[in-house]
Amino acid sequence: MSELAQLTIPEARDLLRLGELSSVELTQALLNRILAHDNDIKAYLTLAPELALEQAASADQIRASDKEQDLSPLLGIPLAIKDVICVEGLPNTCGSRILENYVPPFSATAVEKLRRAGAVVLGKTNTDEFAMGSSTENSAYFATHNPWDLSRVPGGSSGGSAAAVAAGLALGALGSDTGGSVRQPASLCGVVGIKPTYGRVSRWGLVAFASSLDQIGCFARTVTGAALLLGAISGYDTRDSTSVNAPVPEYSQVLAGDIRGLRVGVPKEYAIEGMQPEVEDAVRAAVGTLASLGAEIVDVSLPHTSYALPVYYLVAPAEASANLARYDGMRYGLSLEGLDLWDTYRQTRGQGFGPEVKRRIMLGTYALSAGYYDAYYRKASQVRTLIREDFDQALAKCDVLVTPTSPTTAFKLGEKVSDPIQMYLQDVFTLALSLAGLPGISLPCGFDPSGLPIGLQIMGGAFDEATVLRVAHAYESATAWHRQTPTLQRQSYRKSTEATP
Amino acid sequence: MNTSLYQKAFVFIILNPKGVLPPCPQGQGRGRCFSAGPYYPLPTSRGDPTFVSQKNLGIGIGITERAVRPRPPLCNLLPVLSHPAFWCIMPPASMRFETMKLSLAQVEHVAQLAQLSLSDQEKELFREQLSSILEYAQRLQELDTSAIAPTATVLPLENVMRDDQIQPSLPQTDALANAPHTQDGYFRVPVVLEGDE
């Protein structure tokens, strides 16, 4: 049964089409695997087995009755959804106590589109609270463990989705990426994760963190799987005025082309001090592989890269402090009665939010407060313009940019929890792209000596996900990293938890 | 740390004749400003002026009165040290950030703006952590952005119009399903405005 769970989305699609496998069988295999292993990995916050089997049965029915029709490639494919993306009728906690009992009465547009394509929803995956974090340790419920080494983090904030896909607890998943929250966990878990251009996917039903940066992204074990998911969720939505009415290419069709003559830019600023040497070596080797496939390697510069971190940690908290003002205990979520209205607000929010969320609300409120707005928020927004211009200039000289996704492989649980800046540095390679609103993908490009996956980030121009996917697919086809899967080691995890007090 | 700050400053003043010190701007009290160069005042949340130096020297961020250390007795003994210009000296890099820490009152003020109740421990923790994050963010002051337009969104946003037509919406019961308190089909909330009936 466990081989079924290791299928990629295109493999499962083909077996389902041939009638060699039913969606119910596949879904049941995944549910069994989740029951066997999710106690160790803790990828899921909510599991919906009955609903999933019901959806799988109806997918099988559609396939049986509509034999002649052009059926969606995602029909009957079991997926996981990050717990910041609403699925009607399933709890949506955002990894926070303040939404512990919140059950959304509607589904996000991206989820609606997946459901319309016939995909099966297995459950909701763990996340750093309100997607604020880089390790999934900021979840108010529990930390998720990396399937490659259970004593390590899966990255974050979409760590539950990345770990679920890596461990074969879902064939694909949705996450959200504000500063790297899809790409960095994809890198640390050795799977493919794509963040599309800002505006490509509707944010309706995605709980807002930083509205000028948030985008829904996809996880899969291969580039083709990610392309299929992205194709299904992309497009204009009248309910999100920041979604863009641009044509959506058939992503799974654009992968095949070769990359001869394509210009691949290598930004010199991404060779930073403190980067793990194996990461640097693996990415250098990947650039060599792309060159051997006929790509032209171009040296480029993104001179304001080092400012992306401070810009992000002013802009995102500023937007978050405004977005999270809605949690007031009146219409939904936790409500703690205080002495008066104001005390009710303060008690509800003070008890309901965890430390990282409070830290960012405080930071954002300060950056926007009278007297500091110009020095912090406005200054950061101006430097954001410089960062965007860097990308415009670099992408005039090349078609895609290639960098590491994360400066290190997965770190130990607890290692960076107490030092916010160390944790924020995890996103040093992903933030600039988010600030520029451009698309990026992370895919496996090697392993370090401890057997932990290394991620390669490929970034592209606005609404040019097709080229990003094509380069990623060419690299993936020339290498075998994506074929490696973690051996789930329940024993070693028990030992290591016993050893830690 | 404090002693070393003043020792270093002392050495610095000896090596730099008074005549070459930059003049301190009008209205700037001693002990209020630790960085050289052009200044512009920024009102703090408490209304008293603090100073942030511009561009190149930007790392010497302004401080509020509460954050100022007591001046050492040396100041009373040596007139040169109590000259306003002395306090305008750009401190050596090693001590630039020592005065940046937020005050407890500032942390409490921000928590109030954000409607968050914080424990004493949290206040102290955030005071430390926010100070160091803001200190890190000071790197942005290295850049001259005087001619740069800010980016609030990467999209060229336009107004989105639609016909004023009734469309399906959430049923009232669904919209109220997550509310902690409801009454007669409404959200029930605590008293907002108090006064005579």
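Protein chains in written order, with the working numbering: chain S, 1 to 501; chain H, 1 to 197.
Ideal Cβ positions, reconstructed from N, Cα and C, are used throughout, including at glycine.
Note that the structure is a prediction, hence the values are computed from the model and not measured.
**Request:** Return no unless some Cβ of chain S is closer than 8 Å to the Cβ of H/D184.
**Result:** In the second sequence, residue 184 of chain H corresponds to position 184, counting from 1. So, not an interface residue.
**Prompt:** With 16 as the cutoff for other CB atoms within 10 Å, does S/D299 come out buried or exposed?
**Reply:** Residue mapping note: residue 299 of chain S aligns to position 299 of the first sequence, counting from 1. The residue is exposed, with fewer than 16 neighbouring Cβ atoms inside 10 Å.
**Message:** Check this for me: beta carbons of S/R331 and H/A114, under 8 Å apart or not?
**Reply:** Position 331 of the first sequence holds residue 331 of chain S. Position 114 of the second sequence holds residue 114 of chain H. In this structure, H/A114 does not lie closer than 8 Å to S/R331 by Cβ.
**Message:** Looking only at its chain, what residues have a beta carbon closer than 6 Å to the beta carbon of S/A472, apart from the 5 residues adjacent to it on each side?
**Reply:** Mapped onto the first sequence, residue 472 of chain S falls at position 472. Excluding residues within five positions, the ones whose Cβ falls inside 6 Å are V223, I441, L443 and I458.
**Message:** Along the chain, where does the beta strand (DSSP E) containing S/V264 start, and where does it finish?
**Reply:** Against the first sequence, residue 264 of chain S aligns to sequence position 264. R263 to P267 is the span of the beta strand (DSSP E), which, as asked, contains S/V264.
**Request:** Please list the residues of the stretch 111–132 of chain H that have a C-beta atom closer than 9 Å to any C-beta atom in chain S, keeping them in chain order.
**Result:** A111, Q112, L113, A114, Q115, L116, S117, L118, S119, E122, L125, F126, Q129, L130 and S132
**Item:** Where S/Y312 meets chain H, residues with beta-carbon distance less than 7 Å
**Value:** The residue given as residue 312 of chain S occupies position 312 in the first sequence. The contacting residues do not exist; S/Y312 stays about 10 Å from chain H at best.
**Asked** Taking the continuous alpha helix (DSSP H) assigned at H/F126, which residues delimit it?
**Response** Here residue 126 of chain H corresponds to residue number 126 of the second sequence, with the count starting at 1. Where H/F126 is concerned, the enclosing alpha helix (DSSP H) stretches over D120 to A137.
**Prompt:** Among residues of its own chain, excluding the 5 on either side of S/T144, which ones have a beta-carbon nearer than 6 Å to its beta-carbon?
**Reply:** Within the first sequence, residue 144 of chain S is the residue found at index 144, counting from 1. The residues are K42, A43, N126, T136, P154, G159, G160 and A163.
**Asked** Per DSSP, S/F447 is paired with what?
**Response** Along the first sequence, read from residue 1 onward, the residue named residue 447 of chain S stands at position 447. The partner list for S/F447 (beta bridge, DSSP) reads S/P453.
**Asked** How about H/L155: is its C-beta nearer than 8 Å to some C-beta of chain S?
**Response** Numbered from 1 along the second sequence, position 155 holds the residue referred to as residue 155 of chain H. At least one chain S Cβ lies under 8 Å of H/L155.
**Request:** Identify whether S/Y44 lies in helix, strand or coil by the three-state DSSP scheme.
**Result:** Looking up residue 44 of chain S in the first sequence gives position 44. Looking at S/Y44 - three-state DSSP - the assignment turns out to be strand.
**Message:** Strictly below 8 Å CB to CB, what residues from chain H border S/G329?
**Reply:** Along the first sequence, one-based indexing puts residue 329 of chain S at 329. The answer, in chain order, is P180.
**Request:** Return helix, strand or coil for S/K195, following the three-state DSSP convention.
**Result:** The residue you call residue 195 of chain S lines up with position 195 of the first sequence. Correct three-state label for S/K195: strand.
**Item:** S/I98 - containing alpha helix (DSSP H), residue span
**Value:** Here residue 98 of chain S refers to the residue found at position 98 when the first sequence is read from its first residue. Element bounds for S/I98: n/a, residue is neither H nor E.
**Request:** Report the residues of the stretch 377–409 of chain S with a CB closer than 7 Å to any CB of chain H, ordered along the chain.
**Result:** R378, K379, A380, S381, Q382, V383, R384, T385, L386 and R388
**Message:** For a contact defined as C-beta to C-beta under 7 Å, what are the partners of H/P190 on chain S?
**Reply:** To locate residue 190 of chain H, count along the second sequence from 1; it is residue 190. Within chain S, the residues near H/P190 are D340, L341 and T344.
**Message:** Could you pull the DSSP bridge partners for S/S234 from this structure?
**Reply:** As a first step, residue 234 of chain S must be located in the first sequence, where it is residue number 234. S/V201.
**Message:** Using a 10 Å radius around the Cβ and a threshold of 16 neighbouring Cβ atoms, would you call S/I34 buried or exposed?
**Reply:** As a working note, residue 34 of chain S is residue 34 in the first sequence. Answer is buried; the Cβ neighbour count reaches 16.
**Asked** What residue from S/L188, S/C189 and S/T178 has the CA that sits closest to S/R203's CA?
**Response** In the first sequence, residue 203 of chain S corresponds to position 203, counting from 1. Of the listed residues, the one whose Cα sits closest to S/R203 is S/T178.
**Prompt:** With which residues is H/Y186 paired in a DSSP beta bridge?
**Reply:** Counting from 1 along the second sequence, the entry for residue 186 of chain H is found at position 186. H/Q183, per the DSSP bridge assignment.
**Request:** Could you tell me which residues DSSP pairs with S/E441 in its beta bridges?
**Result:** On the first sequence, residue 441 of chain S is found 441 positions in, with the first residue counted as 1. Here the sequence assigns Ile to residue 441 of chain S, which means Glu is not the residue at that position. Paired residue(s): S/I194 and S/I458.
**Prompt:** Does the stretch 204–213 of chain S come within contact of the stretch 74–94 of chain S, defined as at least 3 CB pairs closer than 8 Å?
**Reply:** yes
**Asked** Closest Cβ-Cβ distance between S/Y198 and chain H: below 8 Å?
**Response** Stepping through the first sequence from its first residue, residue 198 of chain S is reached at position 198. Interface residue, yes.
**Prompt:** Can you tell me whether DSSP reads S/T224 as helix, strand or coil?
**Reply:** Residue 224 of chain S sits at position 224 when you count from the first residue of the first sequence. Reduced to three states, the DSSP call for S/T224 is helix.
**Item:** Same chain, Cβ closer than 7 Å to S/V311, neighbours up to 5 away in sequence not counted
**Value:** For the purposes of this step, residue 311 of chain S is taken as residue 311 along the first sequence, with counting starting at 1. So the list reads A380, V383, R384, I387 and L435, once near-sequence residues are dropped.
**Close beta carbons around S/S65, own chain, < 7 Å, minus the five adjacent residues each side** = Position 65 of the first sequence, counting from 1, holds the residue named residue 65 of chain S. Excluding sequence neighbours, S/S65 sits near nothing in its chain.
**Message:** Within 10 Å of its beta-carbon, does S/E3 have 16 or more other beta-carbons around it, so buried, or fewer, so exposed?
**Reply:** Here residue 3 of chain S refers to the residue found at position 3 of the first sequence. S/E3 is exposed by the Cβ-count criterion.
**Request:** Measuring only between beta-carbons, confirm whether S/L363 sits less than 8 Å from chain H.
**Result:** The sequence position of residue 363 of chain S within the first sequence is 363, counting from 1. Yes, because at least one Cβ of chain H sits closer than 8 Å to the Cβ of S/L363.
**Message:** On the criterion of 16 or more Cβ atoms from any shown chain inside 10 Å, does S/G294 qualify as buried, or is it exposed?
**Reply:** On the first sequence, residue 294 of chain S is found 294 positions in, with the first residue counted as 1. Its Cβ having fewer than 16 others within 10 Å, S/G294 is exposed.
**Request:** Measuring alpha carbon to alpha carbon, tell me which of S/I216, S/S450 and S/L16 ends up nearest S/K67.
**Result:** Looking up residue 67 of chain S in the first sequence gives position 67. Of the listed residues, the one whose Cα sits closest to S/K67 is S/L16.
**Request:** Report yes if the C-beta of S/L363 is less than 7 Å from at least one heavy atom of the ligand MG; otherwise report no.
**Result:** Judged by which ligands are present, the structure shown has none, so any question about the ligand MG falls away.
**Item:** Cβ-based neighbour list, H/E128, same chain, cut-off 7 Å, excluding 5 preceding and 5 following
**Value:** Within the second sequence, numbered from 1, the residue matching residue 128 of chain H stands at position 128. Taken in chain order, the list of residues that qualify is empty.
**Prompt:** Quick one: does H/P168 have its CB under 8 Å from some CB of chain S?
**Reply:** Here residue 168 of chain H corresponds to residue number 168 of the second sequence, with the count starting at 1. Not an interface residue.
**Request:** Look up S/Y270 in the DSSP assignment and say whether it is helix, strand or coil.
**Result:** In the first sequence, residue 270 of chain S corresponds to position 270, counting from 1. Of the three classes helix, strand and coil, the one that applies to S/Y270 here is helix, per DSSP.
**Per-residue contacts from H/D163 into chain S (C-beta, under 9 Å)** = On the second sequence, position 163 is the one that residue 163 of chain H refers to. Within chain S, no residue comes near H/D163; the closest Cβ sits about 11 Å away, beyond 9 Å.
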